[in-house]
Structures are given as C-alpha cells and as structure tokens.
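Notes to accompany the following structure.
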Amino acid sequence: MIGLGRYGYTAPASSKIRGYNVPEGVDIRGRFDEEFAKILTKDALQFVVDLQREFRNHIKYAMECRKEAKRQYNEGALPGFDPATRYIREGQWTCAPVPPSVADRRVEITGPVERKMIINALNSGAKVFMADFEDALSPSWENLMRGQVNLKDAVSETISFTDNARNRVYKLIDHTAKLFVRPRGWHLPEAHILIDGEPATGCLVDFGLYFYHNYATFRKTQGEGFGPFFYLPKMENSREAKIWNSVFERAEKMAGIEKGSIRATVLIETLPAVFQMDEILYELRDHSVGLNCGRWDYIFSYVKTFQGHPDRLLPDRVQVGMTQHFMKSYSDLLIRTCHRRGVHAMGGMAAQIPIRDDPTANEAAFDLVRKDKLREVKAGHDGTWAAHPGLIQACMEVFTNTMGNSPNQIETVKRDDASNITEDDLLQRPRGVRTMEGLRLNTRVGIQYLAAWLTGAGSVPLYNLMEDAATAEISRVQNWQWLKYGVELDGDALGVRVNRELFGRVVDEEMARIELEVGKEKFKKGMYKEACKIFTRQCTALTLDDFLTLDAYNHIVIYHPKVRSKL
47 MIGLGRYGYT APASSKIRGY NVPEGVDIRG RFDEEFAKIL TKDALQFVVD LQREFRNHIK
107 YAMECRKEAK RQYNEGALPG FDPATRYIRE GQWTCAPVPP SVADRRVEIT GPVERKMIIN
167 ALNSGAKVFM ADFEDALSPS WENLMRGQVN LKDAVSETIS FTDNARNRVY KLIDHTAKLF
227 VRPRGWHLPE AHILIDGEPA TGCLVDFGLY FYHNYATFRK TQGEGFGPFF YLPKMENSRE
287 AKIWNSVFER AEKMAGIEKG SIRATVLIET LPAVFQMDEI LYELRDHSVG LNCGRWDYIF
347 SYVKTFQGHP DRLLPDRVQV GMTQHFMKSY SDLLIRTCHR RGVHAMGGMA AQIPIRDDPT
407 ANEAAFDLVR KDKLREVKAG HDGTWAAHPG LIQACMEVFT NTMGNSPNQI ETVKRDDASN
467 ITEDDLLQRP RGVRTMEGLR LNTRVGIQYL AAWLTGAGSV PLYNLMEDAA TAEISRVQNW
527 QWLKYGVELD GDALGVRVNR ELFGRVVDEE MARIELEVGK EKFKKGMYKE ACKIFTRQCT
587 ALTLDDFLTL DAYNHIVIYH PKVRSKL
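In terms of our numbering, the sequence shown opens at residue 47 and continues consecutively.
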C-alpha cells in the first residue's frame with residue numbers, strides 16, 4: 047500500500063485492475079474487494095464517468111466563482127441579495143408538489159453509512175433517516191465502498207448486522223424511516239477513482255453509484271413511485287444548484303423515469319446561500335422537497351466569509367445559538383421562503399446524546415432539546431434533526447403536540463412577517479464574549495475530532511454531544527480568527543490577548559488533558575499527535591484553508607498496487 051499526500055496518475059486507455067472491470071479512461075486505486083466489485087461494476091462506473099465528463103467543467107467554474115467571491119469578501123465586500131435575480135424572489139412560482147411518501151418529516155435522524163447505524167436509524171421511529179457520505183463520515187475508501195454496499199442492502203431490505211460481542215442480530219422492522227442520502231460537497235475529490243487522469247468528483251461518485259444500483263428498488267419499496275431522495279450540502283449559490291438539477295435530469299433520462307422523480311433537500315449552511323434561497327429552489331423546482339437549517343456549518347461559514355473583517359469576530363461558539371439575531375433571521379426567512387414555494391422548511395440538529403450515568407445531567411440535556419424543538423415548531427419548521435435514536439421520542443412529542451395530525455406546516459404557517467428581513471438582519475454581528483475556556487474547548491474538540499476522523503470515524507461523541515466535521519470546523523476557524531486579530535478574551539476580564547505563545551501553551555495543556563481523559567493506552571494508539579499537528583498548523587496558517595477535511599484527506603488516501611491482466 048502507498049499513502050499519497052497528493053494524487054495524480056495517468057490511466058491507461060483500457061485495463062482490468064485488481065478484478066475491477068472498468069470503462070475506458072478509468073483507474074481504480076482503492077483496495078480490491080469482491081463486495082466492492084458488485085458496486086463498482088462496469089455499467090455503474092460508466093454512469094459515473096458520463097456524469098464526470100459532462101459536468102466537470104461546470105463544477106470547476108463553480109469552484110472558481112467561489113474563489114472570486116472569497117476574494118471580494120476579503121477585500122471588504124459583504125454578501126447580499128442579487129439585484130439580477132430579484133424577479134425570481136418576487137415571482138409567484140412554486141416548486142413541484144411534495145411526494146406523499148415524504149409529506150411528514152417531523153423528525154429526521156442523521157448518521158454515517160455504517161451498517162449497524164443504518165439499521166438502528168431506520169428502526170428508530172424517525173420519519174426520515176439521512177444516511178451521510180459527508181460530514182458524519184471519514185471518506186476512506188473502505189468507509190465509502192462499505193457504505194454503498196450497506197445502502198444497497200438497506201434499500202433491498204436485506205440488511206442485517208451481527209454483533210458478536212453482544213450476541214445480537216440487528217434487522218429491519220416492518221415500518222422504517224424513509225431514506226435520504228447525502229453525498230459529499232462539490233469541493234471534495236475522490237482520489238481513489240481517477241477518470242481521464244484526474245480524481246473523480248466525490249459527490250458524483252456517491253450519487254452515481256447509489257442511484258444506479260438503487261433507483262428501481264427504492265421507487266417500489268420506499269418512494270411510492272418517486273425517488274431516490276437526497277440531501278445536498280455546502281452550496282453557496284444557485285449556480286451550484288443548477289448543476290445538481292442537471293445531474294438529476296441526466297440520471298432520470300438514463301434510468302428512463304419521469305422528470306421530477308428524484309427529490310432533494312438543500313442544506314442552507316453557508317452565509318452566501320441564505321441570500322439565494324429563492325434562487326436555489328427555483329433552479330431545483332422540479333426536484334426540490336425543501337431547505338434545511340444547517341446551523342453548525344452556517345456558523346463556520348460566517349467566520350470563513352468574514353475572515354478579512356476584524357469587526358465581525360464571533361464570541362465563544364457555545365454562545366452562538368439560534369436566539370442570536372442573525373441566526374433567528376436566517377431561520378425565519380428560510381421558513382417563509384420554503385412555505386411560499388410549497389416545500390418543507392427543516393430545522394436544525396439536536397446534537398445532544400443521552401447521558402446514561404448521570405440522570406440529572408441527562409434531564410437537563412433533554413430539557414434543552416425540548417426547548418430548542420419547541421422554538422422550531424412554533425416558528426413554523428416542518429421537522430427537525432436529531433443525532434441519536436434516544437432523542438427521537440422527545441423531538442416527536444414536541445412537534446406532534448403543536449402540529450397534531452397535520453403532516454407539515456407548509457400551508458398553515460406562512461410567516462409573512464419574515465418578508466421584512468433585510469441584509470442587515472442576516473449579517474448582524476453576534477453578541478457575546480470570548481473566554482479562555484472557549485479557546486480551550488475549541489482546541490480540545492478540534493484535536494479529538496480530527497484524531498477520530500483520521501482513524502475512520504466521522505461522527506464522534508465528545509462531552510455529551512455528537513460532533514461531526516461542522517463543529518470541528520467552527521473550532522478551527524474561530525481559533526484562526528482569534529489568533530489572526532490577537533483578540534482579547536474579554537469574558538475573563540483579565541486583559542489577556544490570544545497570540546501564538548498563548549495558543550501553543552493551550553495546545554500543550556489540552557493535549558495533556560486529552561491523554562488524561564482517554565487514557566494513556568488509547569492516546570498512544572490513536573492519532574492524537576498527528577491530529578494535533580494538522581489542527582495547530584491550520585489554526586496558525588497565514589491563509590485560512592477553506593476546509594479542514596481537504597487538508598486532512600491527504601492523510602487517509604491509500605493507493606494499492608495494481609495487478610494488471612490483459613483484456
């Protein structure tokens with residue numbers, strides 16, 4: 047095996063590699079496995095290749111547009127509503143009707159495409175399970191391909207899992223949650239599959255393989271004639287939504303199914319996207335089933351967008367909740383936009399997990415969840431997210447107590463009052479203070495999450511919260527911002543300013559605390575030191591990297607040597 051920090055390889059015209067029968071121009075450098083070969087069939091790969099060749103230049107242009115927007119923000123510009131698309135925002139159009147099979151989405155559970163997780167989530171009592179190839183998954187070759195195998199078995203309703211340690215077999219019950227799948231964002235490559243000498247686009251691999259193998263069965267067993275269903279992450283504008291719409295149309299044409307069969311919910315989790323919600327829905331109007339408040343990534347995006355604005359520093363991340371004016375405005379405008387266009391307005395994540403050894407702390411955590419969900423349903427959200435099966439009942443009760451038997455609030459809560467929300471509302475500076483404990487928590491969470499990610503886990507329980515890449519990103523960019531501008535930790539009233547010397551001391555002390563908390567043996571076997579180096583480098587870099595996972599991805603790419611046979 048060869049671990050590569052950079053990827054690039056010139057593929058032969060046609061070859062058979064480690065048993066994978068691949069189309070012309072394709073080179074698979076991930077480990078060969080008989081189960082993976084049932085996913086990586088020549089016809090399925092050809093579909094991915096067709097998508098890659100048709101859309102790669104559109105994707106590259108969209109990524110260049112992101113860079114140009116970042117340059118403008120760094121020079122002092124602010125995101126805002128586009129005057130050129132005012133006619134879309136003010137037009138009287140609606141999206142295609144919501145399919146009956148997903149009209150009721152009052153509680154959704156999310157998690158990685160791991161086999162036991164899929165079974166537990168589908169059996170959890172939630173209305174929807176979002177199976178994640180993105181922030182809750184470390185995108186190693188093994189995780190990605192096993193995930194495709196697991197989803198194929200889930201759609202065919204044959205999935206099972208034997209836990210030998212507990213002497214227990216996990217299987218699906220009769221009535222399961224509806225399955226949505228979240229592919230990776232546009233920016234992430236799939237370095238183990240090269241197409242015409244370049245890494246494939248990660249989301250096209252995730253989408254293409256899943257759709258090809260499952261669309262027919264899904265439409266019979268889950269979609270009632272519609273589907274498959276997806277969540278789409280990390281978009282910044284309607285240009286990127288238009289690419290997804292074209293991908294969907296291309297897939298529907300390949301499959302010979304009706305236009306509008308595929309449906310997707312877009313996560314509004316970047317600051318630029320909040321000004322493009324109407325436009326995003328408009329581009330996806332035949333394929334949309336709503337928008338979602340991806341609030342943790344949204345906070346990360348706020349810092350990233352304003353990295354060049356020292357007057358827009360965030361307080362401690364625990365203080366940046368949905369009651370902050372800019373966050374409440376984002377949620378309210380999302381609800382109004384979705385309901386005006388006839389689709390779901392989904393609420394945010396409850397990241398708490400049950401605290402089994404402390405009933406008092408557990409009840410306090412559940413009380414926070416109930417209050418958060420009550421705020422969401424009263425505001426008009428049609429559903430919400432939970433990270434753990436143990437939260438489903440509590441979330442369901444809150445939404446049902448308000449909504450009753452109605453599947454959603456699309457027609458009953460229009461939120462016309464939110465039509466007055468302005469750019470200033472959406473950009474208002476967050477209130478709060480910065481503290482040494484905030485700096486320490488960012489550092490401790492960031493390093494521990496990254497250490498788990500490097501060893502294959504993308505969804506990590508830390509301090510009674512389920513952390514994924516979004517919360518690690520907040521930790522990283524906030525540390526970077528505080529270091530760049532030498533901010534005062536004003537919440538401590540000691541006049542201490544953040545600098546490299548202070549940060550270095552905090553890193554050393556928090557690494558010692560991590561070792562104490564996890565134990566010397568686990569610390570020694572884990573990748574905490576490697577994670578510390580990456581996290582520290584990212585926090586102290588002169589230029590802020592767009593994504594932590596892009597840098598870290600280089601450490602989990604493993605190229606296997608090829609055994610080539612003649613065709």
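Yeah, the Cβ is synthetic: ideal placement off N, Cα and C, and Gly gets one too.
- Annotation for Tyr277: the continuous beta strand (DSSP E) segment containing it runs 275-278.
- Around the beta carbon of Thr468, a 10 Å sphere encloses fewer than 16 other beta carbons of the protein chains shown; the residue is thus reported as exposed.
- Pro69 has its alpha-carbon roughly 18 Å from the corresponding atom of Arg77.
- Burial is judged here by how many other beta carbons sit within 10 angstroms of a residue's own beta carbon; Gly450 has fewer than 16 and is exposed.
- Counting only the Cα atoms, Val415 lies some 13 Å from Ala407.
- When DSSP states are grouped into helix, strand and coil, Gln398 belongs to the strand group.
- Straight across, the Cα-Cα distance linking Ala397 with Gly71 is about 43 Å.
- In this structure, Ala516 and Leu496 do not form a Cβ contact; the two beta carbons are roughly 13 Å apart against a cut-off of 8 Å.
- According to the DSSP secondary-structure assignment, Lys217 is paired through a beta bridge with Ser206.
- Excluding five sequence positions before and after Asn196, the CB atoms of its chain that fall closer than 6 Å to its own CB belong to Val159, Arg161, Ile164, given in chain order.
- When C-beta atoms of the segment 242-260 are compared with those of the segment 210-222, fewer than three pairs fall below 8 Å, so the two segments do not count as touching.
- Taking Ile345 as the centre and dropping the five residues before and after it, the same chain places the C-beta of Val366, Ile520 closer than 6 Å to its C-beta, in chain order.
- One alpha carbon belongs to Val459, the other to Leu190, and they sit about 39 Å apart.
- For Gly137, the closest of Phe372, Glu325, Leu168, Arg559 by C-alpha to C-alpha distance is Glu325.
- One Cα belongs to Pro146, the other to Met557, and the distance between them is close to 51 Å.
- With three or more CB-CB distances shorter than 8 Å, the segment 214-228 counts as touching the segment 174-186.
- The C-beta distance from Gly171 to Ile604 rounds to 38 Å, too long to meet the 8 Å contact threshold.
- Annotation: Arg475 to Phe372 spans about 7 Å, alpha carbon to alpha carbon.
- Within the segment 158-204, the complete beta strand (DSSP E) segments at least 3 residues long are 174-178, listed from N- to C-terminus.
- According to the DSSP assignment, Ile381 belongs to the alpha helix (DSSP H) that extends over 371-387.
- Uninterrupted beta strand (DSSP E) stretches at least 3 residues long and entirely within the segment 267-328 occur at 275-278, 309-314, given in chain order.
- Only buried fits Thr156, as 16 or more other CB atoms lie within 10 angstroms of its CB.
- In the DSSP assignment, Ala432 forms a beta bridge with Ile155, Ala396.
- Non-local C-beta neighbours of Ala411 in its own chain, meaning closer than 7 Å and more than five positions away in sequence, comprise Gln398, Ile401, Asn510, ordered along the chain.
- For the options Ala83, Glu80, Val153, the alpha carbon positioned closest to that of Pro453 is the one of Val153.
- Residue range 469-473 is occupied by the alpha helix (DSSP H) that includes Leu473.
- Inter-residue distance for Thr311 and Phe275 is about 8 Å (C-alpha atoms, whole angstroms).
- Scanning the segment 418-465 for uninterrupted alpha helix (DSSP H) segments of 4 residues or longer gives 438-449, listed from N- to C-terminal end.
- Shortest Cα-Cα distance from Ala262 to any of Thr582, Ala432, Ser202, Gln370 involves Ser202.
- For Leu380 against Ile314, the beta-carbon gap comes to about 6 Å, under 8 Å, which counts as contact.
- Between the alpha carbons of Cys339 and Gly393 lies a distance of about 5 Å.
- Between Arg309 and Ser334, the C-beta gap is smaller than 9 Å, which places the two residues in contact.
- A contact is defined here as three or more CB-CB pairs under 8 Å, and the segment 265-274 meets this definition with respect to the segment 296-307.
- Apart from sequence neighbours up to five positions away, the residues of its chain that approach Phe257 with a beta-carbon distance below 7 Å are Pro274, Ala297, ordered along the chain.
- Between the C-alpha atoms of His427 and Asp96 there is a straight-line separation of about 38 Å.
- As for any beta strand (DSSP E) of minimum length 3 sitting wholly inside the segment 476-562, the runs are 506-508, 511-513, ordered along the chain.
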